[in-house]
Each structure stands twice: as structure tokens, then as C-alpha cells.
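S.K.: Please see the structure below; I have some questions.
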Amino acid sequence: MIEIDIRLARPGGFALESAFTAPGAGVTALFGRSGAGKTTIIQAVAGVVRPDAGRIAVGGEVFFDAARGIDLPIEARRTGYVFQDARLFPHLLVESNLRYGERRSRAAERPIRFEAVVELLGIGHLLKRRPHTLSGGERQRVAIGRALLAQPRLLLMDEPLAALDEARKAEILPYLERLRDEMGLPILYVSHSIDEVLRLSDMVVALRDGRQVAAGPVAEVMSQPEILPVVGRFDVGTLLECVVSRHDADYALSSLAFAGGELRVPQVDLPVGARVRARVRARDVAIALARPQDVSVSNLLAATVEEVRLQEGPYADVALAVGPGRLASMVTRESVERLGLRPGMPVWAMIKTVAVDSRSPDFGGPATP
Amino acid sequence: MLDFKAMDMLTPEEWTAVYLSLKVAFWATFWSLPFAVLMAWVLARVRFPGKGLLDGLVYLPLVLPKVVVGYLLLLTLGARGFIGQYLDAWFGIKLIFTTAGATVAAAVVSFPLTVNAIRLALEAVDRGLETAARTLGASRLDVFFSVTLPLMLPGILSGALLAIASALGEFGATITFVSNVEGQTRTIPLAIYSATHMPDGDAMALRLTVVSILLALGALLLANLVDRRIRTLIGRV
Chain A
1 MIEIDIRLAR PGGFALESAF TAPGAGVTAL FGRSGAGKTT IIQAVAGVVR PDAGRIAVGG
61 EVFFDAARGI DLPIEARRTG YVFQDARLFP HLLVESNLRY GERRSRAAER PIRFEAVVEL
121 LGIGHLLKRR PHTLSGGERQ RVAIGRALLA QPRLLLMDEP LAALDEARKA EILPYLERLR
181 DEMGLPILYV SHSIDEVLRL SDMVVALRDG RQVAAGPVAE VMSQPEILPV VGRFDVGTLL
241 ECVVSRHDAD YALSSLAFAG GELRVPQVDL PVGARVRARV RARDVAIALA RPQDVSVSNL
301 LAATVEEVRL QEGPYADVAL AVGPGRLASM VTRESVERLG LRPGMPVWAM IKTVAVDSRS
361 PDFGGPATP
Chain B
1 MLDFKAMDML TPEEWTAVYL SLKVAFWATF WSLPFAVLMA WVLARVRFPG KGLLDGLVYL
61 PLVLPKVVVG YLLLLTLGAR GFIGQYLDAW FGIKLIFTTA GATVAAAVVS FPLTVNAIRL
121 ALEAVDRGLE TAARTLGASR LDVFFSVTLP LMLPGILSGA LLAIASALGE FGATITFVSN
181 VEGQTRTIPL AIYSATHMPD GDAMALRLTV VSILLALGAL LLANLVDRRI RTLIGRV
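Here the protein sequences line up with chains A and B, keeping their order. Sequential numbering of the first sequence, starting at 1, is according to UniProt numbering. Sequential numbering of the second sequence, starting at 1, is according to UniProt numbering.
Pasting the structure below:
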């Protein structure tokens, strides 16, 4: 369990206030735009930044407690910090980089084995190389390995993919998923990418301008209206926890069952019964008053309007109830008026199959239960 | 054969001066280096009141007339100096007219250059790497020896070679502090000075001048080479 409750103010006007409890396993994402205070939080956990007030405890051990005057030095906290820029030691070989933290851990407390980490991250062929000869993706994998081998209580990852191009990101994401599923270490994961957050995390803490906007399980937080300014108008959507129900090999399509019905999506490379997360952007959900005929859209879901909120400019947010679940839709104010949308109205929600693309990172691997 | 010819190029007296110069320059640098690293670290990393004054004091020998530096050394470390008298009485260390004294003079004069080179190297060390090392369980001292110092190494080595080169050329402080004693304090510059006062000393002065140039140039080239080799090794070209 990770308990965080911190406040700090910096000259220049930046102030941060955040309080949340993260579980002792799985990924908790700190999500927000740059300058929101995400990195400051994990720096405070690592001991690099000292909060003005509050308390930080990990697994029952108090790292910081302003009231009791506790402030463990960085090296005594044993947090595995993975920096955005990797920060490998340029004068050491990859192997010595990996061993740097391991050598400084207690020999009797080394549950994370060198060979296992090298295998997990696929870096066996890099051991005798120097950091400056590695690609960006390789560097980041070595940095993750180095943090793991320091036998940390938790991992702190500061936008580990931000400095990488799309291809390198796609190269590393599977390793992060294996890490999450196999290491049993709690991870605080800083990111401004909604895709990464949805793919990797179980819990999310959303931050904006140093203030905590929302905190909780991913699907729950993502359906809260407070999240809109953090995610951005065009990426707002609904996260559906689904199970693969069948495959249609002829058309390369899959069906995903969720609480409100079934969703046809481009083929997913997972067996029937596997759990997946599907994200449906609000702007990809259209609304019809009667069941549409002769349209290409194959996902037609019977729904009820729950709430209509007119926004600035052309937009309107419509919250739909689909069975027991909810679905967010973004339409124009003009459409709201033309269709006469108001709470309680039965409507049809239309989602294009290709808007939920299994090749985009919108799809998580197996969601952790 | 070649060696004998090389030997013949300088007189025994000149060889003594060359050998003495190298010895003085090496030991002056050797002993001042740890202090220079410490001073560079204090000036680059520690904030305290009066730091500007310390900064000024360290660089003072660079801008003071060397004769003044030598005279100040004489006042403090001389036989009746307020430190010098105890050095002699308690430890039997005599600096006046000795090679040890010449070494001290060379060390004091080259100290600012060494500190400056090391300080620049220290300021170029990415502090993010030091933070990373601490998150991996290293204490501050451990970080210094396992990360900071190795990354400063090119700067320390080139600083040391620079110090040797400048110590080889030390004149004013040496002649004022420990005088011009053959075999004890007469380094190359002092030998050249003596030669120019001798009726037929021109040839000697010229030969030692050539040696001076070769030594200085060699030290600078070596400093450059060492720096580049290490940078290539760690990918910081």
C-alpha cells in the first residue's frame, strides 16, 4: 500500500496538493498535462523533493512525515526510479549499470534475480555494451532493469516512453505489461498519454495545475466529468471492461461482451474469454432516435439519455445509459436541439467498428483483475 | 648509442635542472590535486556565507605578482615564518633553499589553474546521474566516488597536466621563496635566468628554452589526448 498526502508550494507560484492511497500491487497512473505536478509527486516519494507538509508511507514504512519530523534520505527509501531520460551511467558497461543498485542492496534481501530481469527485458545481448551505443528503447529497458535490481519496494516511472518514437514505444509497452503482471511490485507511473494510462494502469490519479482532480479505478475516473480538462475534449471517452466473446475469422472481426451488450471490433489477438479494455471516444459515438436502417455502422446499442450538457462553442456532452453501464457521447448543440435530446429519452447509440481499432494501443492486454 | 647522443645534447648541469623541474612539477601537482578536487567541489557545490571571499583567495595567486606570492610564502613558511618555525621545530621540515620549498611554491602558483579545470569538469557532470545513483541506494560519499569522480576524470587529468606544465614554468615565487640553489631549487626557468647572467651562457639558455617548449607542448598535447580518449570511451564527444 502506498499512502500519499502531500502539500508543497514553490516560489514562482507552483503549488501542489495531492492525497491518495494506491494498492500494494499493480499500476497507479499519475495522469495530467506537463506542469500538473505528476513528476513532483514521485520525486517526493523518492525523496528528491521535500514537501512542505504531509506524509508518505510505502508498505507501512514511513518515508516522510512532516509532523513527526521524519524524512528518510533518498538512498534509504529503496524506490526504483526510472527516469524519462534513462540516466544510465556513461562510464559503466550495461552490466555494471544493472548491478549498480544490486550491489548496494542487502545480499539477504534480493528476491529479484539478475538473470530473471535480463530475460524479462530482453537485454542479455547488451550486457557488454556502453550506454551511448544503445538505442533509446534499449536504454530505457536497461534503466528499468537497473531500477528493478536495486530490489525496490516500489517502482517510480517518470514518463518512461515520452522520449521515444511510436515504434520504440510499441517495443517497450509489452515489457511494461510483463513487468506489471510478473513482478508483483506496485508501480507509480507518470504519464500524459491517455493511451498509456488506459493500457497499463489499474488506478489513476488525475492532476491539473497541481491539484488532484480525481483518483480511483481507471474506468471510474475516466467516466467522471472532472476528467475532461485533463484528457482533452477530443480524447474524452468511455472505458469498457470487456471479455472476448467470439471471433469472426472470415471478416477479421471480434466481438467483445461488456455490461451493456456486445461490441464488434477489428480482430483482437486474444483467446475467447480473455479480458480486454476497449475505449470508445465520445466523439465516435453518434445518436439516432430510431433504430437506423441501411447504415454501415454495425454497433447499434439501445440506450437512454441520462444527461445533456451544452458546452462552449459547437459541442454538447451527452451521457447515455447502456444497460447497467454508461457511454459518453459528444455531439453538436445543433444536433441536441434538432433531435430534441433530453434526459429519459430512449435512443440508439452508434459506434463505428473501425473507431475501436485493436491495433491502436487503445486495447489493453489482459486487464489485471 | 642514441641515448648517449641524447645525453650529450645537454650538460650534466642542464640535466640536473631538467630532472629537478620534472620532479618539482610532478610532486607539486601530486600533493595539490586532492586539495584542488576538494576545493573545486566546495566552490561548485556548497553554498555558504563568505564563499565569494574564498573564491577570490583561491584565484589570488593567479593574478598576484609571483614575487609577491613568493614573499608571502617566505613570511609564512620561512625559517622564522609563523608556520615555518614550527614546521622546523616539530617536524624538522626545512623549506628554504630546498626542493621541498620549490615544490610548495610551484603547488601554490599552479593551484588556481588546477582548481579551475577540475571545477569546470565538475560543473559539467550531470547531477541527474547523481540523483539516479542515490535512488539506487548509494550514499552521498558513495555517489561521489562511484559516479562524480569517474565522470570528472578527464577534467582532473587534463587539469593535472596543465598544473604540471605551469609548475614547470614557475619562476618568480620560487626564486623569491627558496632562492636559486643548483640541484635544490634551480629548475629550468631559474637555470635559464642564471645562464643569461653568465658571459657564455647563451647556448645553455637556448638549449633549456628548447627543452621548455618541448615539455610544455608535450604536456598540452597529452592533456588533449587524454581528454579525448576518455570522452570517446564514455560517449561524450
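Even for Gly, the Cβ is constructed at its ideal location relative to N, Cα and C.
What three-state label does DSSP hand ASP5/A in the structure shown?
M.R.: The residue labelled residue 5/A in the question sits at position 5 within the first sequence. Shown here, ASP5/A sits in a strand according to DSSP, grouped into three states.
S.K.: So for ALA17/B, helix, strand or coil by DSSP?
M.R.: By 1-based counting over the second sequence, the position of residue 17/B is 17. Looking at ALA17/B - three-state DSSP - the assignment turns out to be helix.
S.K.: Compare the C-beta of LEU120/B against all C-beta atoms of chain A and say whether one is closer than 8 Å.
M.R.: For the purposes of this step, residue 120/B is taken as the residue at position 120 of the second sequence. LEU120/B does not count as touching chain A.
S.K.: Between LEU168/A and GLY210/A, is the Cβ-Cβ spacing less than 8 Å?
M.R.: Within the first sequence, the letter at position 168 stands for residue 168/A. Within the first sequence, the letter at position 210 stands for residue 210/A. Inspection of the sequence shows that residue 168/A is occupied by Arg rather than by Leu. Contact flag unset, no.
S.K.: Going by DSSP, name the residue or residues bridged to HIS91/A.
M.R.: Here residue 91/A is taken as the residue at index 91 of the first sequence, counted from 1. In DSSP, HIS91/A forms no bridge with anything.
S.K.: Smallest Cα separation from GLN267/A: which of ILE287/A, VAL285/A, ARG246/A, ALA259/A?
M.R.: Looking up residue 267/A in the first sequence gives position 267. It is ARG246/A.
S.K.: Taking contact to mean at least 3 C-beta pairs separated by less than 8 Å, is the stretch 60-74 of chain B in contact with the stretch 164-177 of chain B?
M.R.: yes
S.K.: Go ahead and pull the three-state DSSP assignment for PRO221/A.
M.R.: Translated into positions along the first sequence, residue 221/A becomes position 221. Looking at the sequence itself, residue 221/A is Val, so the reference to Pro does not match. It is helical.
S.K.: Compute the distance between the beta-carbons of LEU127/A and GLU171/A, then report whether it is under 8 Å.
M.R.: Counting from one through the first sequence, the residue named residue 127/A turns up at place 127. Counting from one through the first sequence, the residue named residue 171/A turns up at place 171. Result no, Cβ atoms of LEU127/A and GLU171/A do not sit closer than 8 Å.
S.K.: Note down the Cα distance separating GLY56/B from VAL63/B, rounded to an integer number of angstroms.
M.R.: Here residue 56/B refers to the residue found at position 56 when the second sequence is read from its first residue. Here residue 63/B refers to the residue found at position 63 when the second sequence is read from its first residue. For GLY56/B and VAL63/B, the distance between alpha carbons rounds to 10 Å.
S.K.: Tell me the rounded alpha-carbon separation between GLY261/A and LEU185/A.
M.R.: Position 261 of the first sequence holds residue 261/A. Position 185 of the first sequence holds residue 185/A. So the alpha carbons of these two residues sit roughly 35 Å apart.
S.K.: In chain B, which residues lie less than 9 Å from PHE31/A when you measure between Cβ atoms?
M.R.: As a first step, residue 31/A must be located in the first sequence, where it is residue number 31. Going along chain B, no residue has its Cβ under 9 Å from PHE31/A, so there is no contact; the nearest lies around 22 Å.
S.K.: Exposed or buried, which one is THR40/A when buried takes at least 16 other CB atoms within 10 Å?
M.R.: Mapped onto the first sequence, residue 40/A falls at position 40. Label assigned to THR40/A: buried.
S.K.: Is the separation between the beta-carbon of VAL147/B and that of LEU129/B shorter than 8 Å?
M.R.: On the second sequence, residue 147/B is found 147 positions in, with the first residue counted as 1. On the second sequence, residue 129/B is found 129 positions in, with the first residue counted as 1. Yes, the Cβ-Cβ distance between VAL147/B and LEU129/B is below 8 Å.
S.K.: Using 8 Å as the limit for Cβ to Cβ distance, is SER105/A near chain B?
M.R.: Here residue 105/A refers to the residue found at position 105 when the first sequence is read from its first residue. The beta carbon of SER105/A falls within 8 Å of a beta carbon belonging to chain B, placing the residue at that interface.
S.K.: Counting contacts by CB-CB distance shorter than 8 Å, is PRO150/B in contact with chain A?
M.R.: As a first step, residue 150/B is located in the second sequence; it is residue number 150 there, counting from the start. Yes, its Cβ sits closer than 8 Å to a Cβ of chain A.
S.K.: Roughly how many angstroms separate the alpha carbons of ALA162/A and ALA219/A, rounded to a whole number?
M.R.: Locating residue 162/A in the first sequence gives position 162, where the first residue counts as 1. Locating residue 219/A in the first sequence gives position 219, where the first residue counts as 1. Distance between the alpha carbons of ALA162/A and ALA219/A: 23 Å.
S.K.: Please list the partners that ARG134/B has in chain A, where partner means a Cβ-to-Cβ separation under 7 Å.
M.R.: The residue labelled residue 134/B in the question sits at position 134 within the second sequence. Neighbours of ARG134/B on chain A, chain order: ILE74, GLU75.
S.K.: Quick check: is the beta carbon of VAL226/B nearer than 8 Å to any beta carbon in chain A?
M.R.: Numbered from its first residue, the second sequence carries residue 226/B at position 226. No, because no Cβ of chain A sits closer than 8 Å to the Cβ of VAL226/B.
S.K.: Look up ARG309/A in the DSSP assignment and give the residues it is bridged to.
M.R.: Numbered from 1 along the first sequence, position 309 holds the residue referred to as residue 309/A. Answer is ASP317/A, bridged to ARG309/A.
S.K.: Given GLU102/A, which residues of its chain have a CB within under 6 Å of its CB, disregarding the five upstream and five downstream residues?
M.R.: Within the first sequence, residue 102/A is the residue found at index 102, counting from 1. Counting only Cβ-Cβ distances below 6 Å, and skipping sequence neighbours, we find LEU149.
S.K.: What is the DSSP secondary structure of MET345/A, counted as helix, strand or coil?
M.R.: Your numbering for residue 345/A matches position 345 in the first sequence. MET345/A: coil per DSSP, three-state reduction.
S.K.: Looking at the C-beta of VAL125/B, does it have a partner C-beta in chain A at a distance below 8 Å?
M.R.: As a position in the second sequence, residue 125/B is number 125, starting the count at 1. Proximity of VAL125/B to chain A, defined by a Cβ-Cβ separation below 8 Å, is not satisfied.
S.K.: Among ASP235/A, GLY47/A, PHE14/A, ALA319/A, which one has its Cα closest to the Cα of SER34/A?
M.R.: Translated into the one-based positions of the first sequence, residue 34/A becomes position 34. Per the C-alpha coordinates, the member of ASP235/A, GLY47/A, PHE14/A, ALA319/A positioned closest to SER34/A is PHE14/A.
S.K.: Which ranges would you report for the beta strand (DSSP E) in the stretch 240-268 of chain A if only whole runs of at least 3 residues count?
M.R.: 253-258, 261-266
S.K.: Quick one: what's ILE351/A bridged to in DSSP?
M.R.: Stepping through the first sequence from its first residue, residue 351/A is reached at position 351. Answer by DSSP bridge pairing, in chain order: VAL285/A, ASN299/A.
S.K.: Have a look at VAL308/A, ARG326/A, ALA349/A and flag the residue whose alpha-carbon is nearest the alpha-carbon of ARG342/A.
M.R.: The count along the first sequence starts at 1 and reaches residue 342/A at position 342. Closest option to ARG342/A, Cα to Cα, is VAL308/A.
S.K.: At the level of alpha carbons, what is the spacing between GLY101/B and VAL125/B?
M.R.: As a working note, residue 101/B is residue 101 in the second sequence. As a working note, residue 125/B is residue 125 in the second sequence. Computed Cα separation, rounded: 35 Å.
S.K.: Under a CB-based cut-off of 8 Å, is LEU2/B close to chain A?
M.R.: Counting from one through the second sequence, the residue named residue 2/B turns up at place 2. Because the pLDDT at LEU2/B is just 48, under 50, the model does not fix this residue reliably, and the point stays unresolved.
S.K.: Say whether chain B places a C-beta atom closer than 8 Å to the C-beta of THR79/A.
M.R.: Here the question's residue 79/A lines up with position 79 in the first sequence. Chain B contact via Cβ: present.
S.K.: Find the residues of chain A that neighbour LEU129/B, judging by a C-beta separation of less than 7 Å, and give them in chain order.
M.R.: Taking the second sequence and counting its residues from 1, one reaches residue 129/B at position 129. Under the 7 Å cutoff, chain A gives ARG87, PHE89.
S.K.: Considering just the uninterrupted stretch of the beta strand (DSSP E) at ARG55/A, what are its terminal residues?
M.R.: Reading the first sequence from its first residue, position 55 is the one you call residue 55/A. Per DSSP, ARG55/A belongs to the beta strand (DSSP E) from 53-58.
S.K.: Taking the CB atoms as reference points, tell me whether LEU263/A and ASN299/A lie closer together than 8 Å.
M.R.: Indexing the first sequence from 1 puts residue 263/A at position 263. Indexing the first sequence from 1 puts residue 299/A at position 299. Yes; because the gap between Cβ atoms is below 8 Å, this pair is in contact.
S.K.: Is it true that the CB of ILE187/A sits closer than 8 Å to the CB of LEU154/A?
M.R.: As a first step, residue 154/A must be located in the first sequence, where it is residue number 154. As a first step, residue 187/A must be located in the first sequence, where it is residue number 187. Against a cut-off of 8 Å, the Cβ pair of ILE187/A and LEU154/A comes out as a contact.
S.K.: Look up ALA15/A in the DSSP assignment and give the residues it is bridged to.
M.R.: Along the first sequence, read from residue 1 onward, the residue named residue 15/A stands at position 15. Beta-bridge partners of ALA15/A (DSSP): ALA9/A.
S.K.: Given that VAL147/B touches chain A, what residues does it touch there, using C-beta distances under 7 Å?
M.R.: Walking along the second sequence from the start, residue 147/B turns up at place 147. Here the neighbours are PHE89.
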